[in-house]
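Working notes, structure below.
Residue numbers (the numbering used here): 1370 to 1649.
Following this line, the structure appears as structure tokens:
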């Protein structure tokens, strides 16, 4: 059935309006890989569903959160390289600031210990400003919301859309480099788990969301260092910073996405390196 579903997807995407994509979400969520992300037009319609949600429409917001929770792991999959995915322009694109991207010099990205989609090393790749504008559009929906799991999902999606975009291009596209987005994610990363060292299966939904935040932030810090100081400052406010990141038992680690486990181990090493007294 999975093979038939993948073959039928292009036809479904062509004929289903964005607001009816909800019927496909369970199948996408349970598919054994993220091969569906390469379906022409699918990511565009899913992102449209997120970016057009109104803060006054609770049902639309919840639907956008469901889409974001499915999209984030797909977008962070190394097999999904967004600069080469066929993405349309975000809704209201003409009204968005920072559309012109000047020539920028992109620093070479080193391979790190956190696995994610490759960084684009071409500063003038035509898809990069479009990804920045999609990230802005998603963050515009998330920004007015109160801090909760829905906002976390939307903010993480906005950040995930930028994983392959060089920092220099983001800075050129967005007037503030999307700084409020990173500030929000840093606060959620350093505060949501504080004081609870062990992974608690009873909070699986909240924990899964937090782990995606941890993954996308680890990629950001490792590749750009642009929010490293902000993370350190936030952790410094904690009496015991190491408690911000849970210790995973072998059993729990075996049940999680390998890339998430990798990111959590990255943060344990990062915190110990910045706060060696946490081992005392």
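Using N, Cα and C, we set each Cβ at its ideal position, and we do this for glycine too. In this text the structure is predicted, and so the values were computed from the model without any measurement.
Q: Mind the definition here: the stretch 1421–1432 touches the stretch 1440–1455 only if three or more C-beta pairs lie below 8 angstroms; say whether that holds.
A: no
Q. Between which two residues does the alpha helix (DSSP H) carrying residue 1434 extend?
A. By 1-based counting over the chain shown, the position of residue 1434 is 65. Start and end: 1427–1444.
**Q.** Within the stretch 1478–1528, ranges of the alpha helix (DSSP H) (whole runs, at least 4 residues)
**A.** 1496–1511
Q: Using 10 angstroms around the beta-carbon of residue 1491, count the other beta-carbons present and answer buried if the total reaches 16, otherwise exposed.
A: Counted from its first residue, the chain shown places residue 1491 at position 122. Under this definition residue 1491 is an exposed residue.
Q: Check whether the Cβ atoms of residue 1436 and residue 1418 lie closer than 8 angstroms to each other.
A: For this step, residue 1436 is matched to residue 67 along the chain shown. For this step, residue 1418 is matched to residue 49 along the chain shown. Closer than 8 angstroms, so yes.
Q: Helix, strand or coil for residue 1616, going by three-state DSSP, please let me know.
A: Taking the chain shown and counting its residues from 1, one reaches residue 1616 at position 247. Strand.
(Q) Nearest by alpha-carbon distance to residue 1459: which of 1506, 1630, 1493 is it? (A) Here residue 1459 refers to the residue found at position 90 when the chain shown is read from its first residue. Nearest of 1506, 1630, 1493 to residue 1459, Cα basis: 1506.
Q: List the whole-angstrom C-beta distance separating residue 1484 from residue 1457, where the pair is believed to meet the contact cut-off of C-beta under 8 angstroms.
A: As a first step, residue 1484 must be located in the chain shown, where it is residue number 115. As a first step, residue 1457 must be located in the chain shown, where it is residue number 88. Wrong, their Cβ atoms sit about 28 angstroms apart, outside the cutoff.
Q: Work out the CA separation of residue 1530 and residue 1461 for me, nearest whole Å.
A: Mapped onto the chain shown, residue 1461 falls at position 92. Mapped onto the chain shown, residue 1530 falls at position 161. Rounded to the nearest angstrom, the two C-alpha atoms are 18 angstroms apart.
Q.
Any contact between the stretch 1587–1596 and the stretch 1393–1412? By contact I mean 3 or more CB pairs, one from each, below 8 angstroms.
A. no
Q | Cut-off 8 angstroms between Cβ atoms - residues of its own chain near residue 1509, not counting five sequence neighbours on either side | A | Taking the chain shown and counting its residues from 1, the one referred to as residue 1509 is at position 140. Only 1420 meet the Cβ criterion.
**Q.** Other residues of its chain near residue 1384: CB distance less than 8 angstroms, five sequence neighbours each side excluded
**A.** In the chain shown, the residue the question calls residue 1384 occupies position 15. So no residue of the chain qualifies.
Q. Along the chain, where does the alpha helix (DSSP H) that runs through residue 1632 open and close?
A. For the purposes of this step, residue 1632 is identified with residue 263 of the chain shown, where counting begins at 1. Taken as a continuous stretch (DSSP letters only), the alpha helix (DSSP H) holding residue 1632 covers 1627–1643.
Q) Should residue 1438 go down as buried or exposed, given a rule of 16 or more other Cβ atoms within 10 Å for buried? A) By 1-based counting over the chain shown, the position of residue 1438 is 69. It is buried - the Cβ of residue 1438 has at least 16 other Cβ atoms within 10 Å.
Q) How would you call residue 1499, buried or exposed, if buried means at least 16 neighbouring beta carbons within 10 angstroms? A) Here residue 1499 refers to the residue found at position 130 of the chain shown. Flag for residue 1499 reads buried.
Q: Using beta-carbon positions only, say whether residue 1434 and residue 1550 come within less than 8 angstroms of one another.
A: Residue numbering aside, residue 1434 sits at position 65 when the chain shown is read from its first letter. Residue numbering aside, residue 1550 sits at position 181 when the chain shown is read from its first letter. It is not a contact, given that the beta carbons lie outside the stated cut-off.
Q. Around the C-beta of residue 1555, are 16 or more other C-beta atoms found within 10 angstroms, so that it is buried, or is it exposed?
A. By 1-based counting over the chain shown, the position of residue 1555 is 186. Answer is buried; the Cβ neighbour count reaches 16.
Q: Just confirm the distance between the C-beta atoms of residue 1632 and residue 1583, as a whole number of angstroms; I'd bet it's less than 8 angstroms.
A: For the purposes of this step, residue 1632 is taken as the residue at position 263 of the chain shown. For the purposes of this step, residue 1583 is taken as the residue at position 214 of the chain shown. Yes, they are in contact, since the Cβ atoms of residue 1632 and residue 1583 sit about 5 angstroms apart, within 8 angstroms.
Q: Compare the C-alpha of residue 1581 against each of 1374, 1503, 1519 and name the closest.
A: Working through the chain shown from its first residue, we reach residue 1581 at position 212. For residue 1581, the nearest C-alpha among the options comes from 1519.
Q. Which residue's Cα is closest to the Cα of residue 1638: 1482, 1380, 1401?
A. Counted from its first residue, the chain shown places residue 1638 at position 269. Here the closest residue by C-alpha is 1482.
Q: Tell me where the alpha helix (DSSP H) around residue 1413 begins and ends.
A: By 1-based counting over the chain shown, the position of residue 1413 is 44. That run of the alpha helix (DSSP H) goes 1411–1420.
Q: Determine the DSSP secondary structure at residue 1609, reduced to helix, strand or coil.
A: Residue mapping note: residue 1609 aligns to position 240 of the chain shown, counting from 1. Three-state result, residue 1609: coil.
Q) Skipping 5 residues on each side, what residues in its chain have a beta carbon closer than 6 angstroms to that of residue 1559? A) Locating residue 1559 in the chain shown gives position 190, where the first residue counts as 1. Closer than 6 angstroms at the Cβ level, and outside the excluded window around residue 1559, lie 1603, 1604, 1613.
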